[in-house]
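A.B. asks:
Number of protein chains: 2
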Amino acid sequence: DASVVTGIAYDKSEAKIAVIGIPDKPGVAAKILTALAKDDISVDMIVQNVSQAGLADLTFSVKKQELSRAHAITREIADELQAKNVVADERICKVSIVGIGMRSHAGVAARMFTALAYNNINIQMISTSDIKISVAIEEKYTELAVRILHETFIQDSPSKSIYAN
Amino acid sequence: DASVVTGIAYDKSEAKIAVIGIPDKPGVAAKILTALAKDDISVDMIVQNVSQAGLADLTFSVKKQELSRAHAITREIADELQAKNVVADERICKVSIVGIGMRSHAGVAARMFTALAYNNINIQMISTSDIKISVAIEEKYTELAVRILHETFIQDSPSKSIYAN
Ligand SMILES: C[C@@H](O)[C@H](N)C(=O)O
Ligand SMILES: C[C@@H](O)[C@H](N)C(=O)O
Numbered sequence: 289d290a291s292v293v294t295g296i297a298y299d300k301s302e303a304k305i306a307v308i309g310i311p312d313k314p315g316v317a318a319k320i321l322t323a324l325a326k327d328d329i330s331v332d333m334i335v336q337n338v339s340q341a342g343l344a345d346l347t348f349s350v351k352k353q354e355l356s357r358a359h360a361i362t363r364e365i366a367d368e369l370q371a372k373n374v375v376a377d378e379r380i381c382k383v384s385i386v387g388i389g390m391r392s393h394a395g396v397a398a399r400m401f402t403a404l405a406y407n408n409i410n411i412q413m414i415s416t417s418d419i420k421i422s423v424a425i426e427e428k429y430t431e432l433a434v435r436i437l438h439e440t441f442i443q444d445s446p447s448k449s450i451y452a453n
Numbered sequence: 289d290a291s292v293v294t295g296i297a298y299d300k301s302e303a304k305i306a307v308i309g310i311p312d313k314p315g316v317a318a319k320i321l322t323a324l325a326k327d328d329i330s331v332d333m334i335v336q337n338v339s340q341a342g343l344a345d346l347t348f349s350v351k352k353q354e355l356s357r358a359h360a361i362t363r364e365i366a367d368e369l370q371a372k373n374v375v376a377d378e379r380i381c382k383v384s385i386v387g388i389g390m391r392s393h394a395g396v397a398a399r400m401f402t403a404l405a406y407n408n409i410n411i412q413m414i415s416t417s418d419i420k421i422s423v424a425i426e427e428k429y430t431e432l433a434v435r436i437l438h439e440t441f442i443q444d445s446p447s448k449s450i451y452a453n
């Protein structure tokens, strides 16, 4: 098994904004991100899944303290795009398992998602890279999620670590 | 500006499978990934956005040569979950800008998305980490996308690189 989980990370400083039902054509994602960039908003996660019937949802996370400003900007752009809805939610936490060689292992993601499910923690968003599998969950489950992921992946390896972003 | 783009990466070896309209409750993502893991399927991107009306879409990418096996497994699980649909697509390419400090910069994403939009390249999926912004686009645009992202971010820095995964 070539993949190695080296740590658990969590970030409680973020809030999410979902732009629902935007046209799936070139320039739409650019319009949203450009408006945020113009106002110097910091963006962490950006998640967009495949569209249905020509409409897509784009969700991104911002610092909690920037939420109201980001929300206002987003609503303006969403109106121009005739999006269906804009939903802001500051009760999230991003929890990640960090490692190497994880990109090719469905097993690592399976173990992570199973551990969360076993504890009745719902996964709101998923985003991956080759060194990180991140999920957004409800903020109240942060400590529980970190503890169970630590038990699942790190417990027997004192050299590994939990770290907060 | 603290973020630095150090390279453009692309990966034409992947195909995507979208599981549409799965119940947004604990255990669902785990069920899908466990079935894939059991059959030793390699999974690269996993993207799930926030749900609408209790239903979510989960999309993941697999090696093109594993697509038919992964598709068969996924359809089976999707039936058990009473998902709305399973959509497989092997005509995608994953293109990424790689760098440091990008997680807080809407500007980097804005420039990337604008460059693609300017060339009429539609963004099908977006997934980010602090060192990588990845998009899935139609495979036929691979060379064009890599070239324009290189012109946008790398052109004046011969020490940077384009690399294929
Ligand atoms: C939905 C959005 O990503 C659109 N497809 C775009 O390219 O901008
Ligand atoms: C949709 C899926 O991610 C579900 N929310 C789960 O936790 O498994």
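Line by line, the protein sequences give chains A and B.
Residue numbering for the first sequence follows my numbering, starting at 289 and increasing by one per position.
Residue numbering for the second sequence follows my numbering, starting at 289 and increasing by one per position.
For glycine and all other residues, C-beta sits at the position ideal for the given N, C-alpha and C.
(1) Less than 8 Å separating the Cβ of Asn410 of chain B from some heavy atom of ligand 1?
(2) Assuming Gly387 of chain A and Ile411 of chain A are in contact, meaning their beta carbons sit under 8 Å apart, how far apart are those beta carbons, in whole angstroms?
(3) Of the choices B:Tyr298, B:Arg399, B:Ser291, B:Ala341, whose alpha-carbon is the least far from that of Ala318 of chain A?
(4) Taking the CB atoms as reference points, tell me whether Ala323 of chain B and Ile361 of chain B lie closer together than 9 Å.
(5) Determine the direct distance from the alpha carbon of Ala403 of chain A to that of Thr440 of chain A, and round the result to whole angstroms.
(6) What does Lys428 of chain A reach in chain B if we use C-beta pairs closer than 7 Å?
(7) Using the three-state DSSP reduction, which class does Ser415 of chain A fall into: helix, strand or coil?
(8) Sort B:Met390, B:Val383, B:Ser330 by Cα distance to Glu427 of chain B and report the nearest one.
(9) Name, please, each residue of chain B whose Cβ falls closer than 7 Å to the Cβ of Phe401 of chain A.
(10) In three-state terms, what does DSSP make of Ala318 of chain B?
(11) For Ile296 of chain A and Ile385 of chain A, which I take to be in contact (beta-carbon distance under 8 Å), what is that distance rounded to the nearest angstrom?
(12) Just checking Ser339 of chain B against ligand 2 - is the residue's beta carbon closer than 8 Å to any of the ligand's heavy atoms?
(13) May I ask you to report which of helix, strand or coil DSSP gives Val338 of chain A?
(14) Between Glu354 of chain B and Ile329 of chain B, how many whole angstroms is the CB-CB distance? I'm expecting something under 8 Å.
(15) For Ala303 of chain A, I'd like the list of residues in its chain whose CB is within less than 7 Å of its CB, leaving aside the five on either flank, ordered along the chain.
(16) Look up Glu378 of chain A in the DSSP assignment and say whether it is helix, strand or coil.
(17) Compute the minimum distance between the beta carbon of Ile414 of chain A and the heavy atoms of ligand 2, and state whether it is under 8 Å.
(18) Considering only the beta carbon of each residue, do Ile310 of chain A and Leu369 of chain A sit closer than 9 Å?
(19) Could you check what DSSP says for Val332 of chain A in three-state terms: helix, strand or coil?
(20) Cα separation between Tyr429 of chain B and Lys372 of chain B?
(21) Quick check on DSSP: helix, strand or coil for Ile409 of chain A?
(22) If you measure from the beta carbon of Leu432 of chain B to each beta carbon in chain A, is any gap under 9 Å?
(23) Please tell me whether Ser301 of chain B and Thr416 of chain A are closer than 9 Å, where the distance is taken between their beta carbons.
(24) Quick one: does the C-beta of Ile313 of chain B sit closer than 8 Å to a heavy atom of ligand 2?
(25) Any Cβ of chain A within less than 9 Å of the Cβ of Ser356 of chain B?
(26) Drop a sphere of 10 angstroms on the beta-carbon of Tyr406 of chain A, count the other beta-carbons inside from all chains shown, and report buried for 16 or more, exposed for fewer.
C.D. replies: Quick answer:
(1) yes
(2) 18 Å between Cβ atoms; not a contact.
(3) B:Arg399
(4) yes
(5) 7 Å
(6) Here the premise fails: no neighbours, minimum Cβ distance about 14 Å.
(7) strand
(8) B:Val383
(9) Ala317, Ala318, Leu321
(10) helix
(11) 6 Å
(12) yes
(13) coil
(14) 6 Å
(15) Ser349, Val350, Lys352, Leu355, Ala376, Asp377, Glu378, Ile380
(16) coil
(17) yes
(18) yes
(19) Per the sequence shown, residue 332 of chain A should be read as Asp rather than Val. In the structure shown, Asp332 of chain A sits in a strand (DSSP, three-state: E or B).
(20) 29 Å
(21) coil
(22) no
(23) no
(24) Per the sequence shown, the amino acid found at residue 313 of chain B is Lys instead of Ile. It does: the Cβ of Lys313 of chain B is within 8 Å (strictly closer) of some heavy atom of ligand 2.
(25) no
(26) exposed
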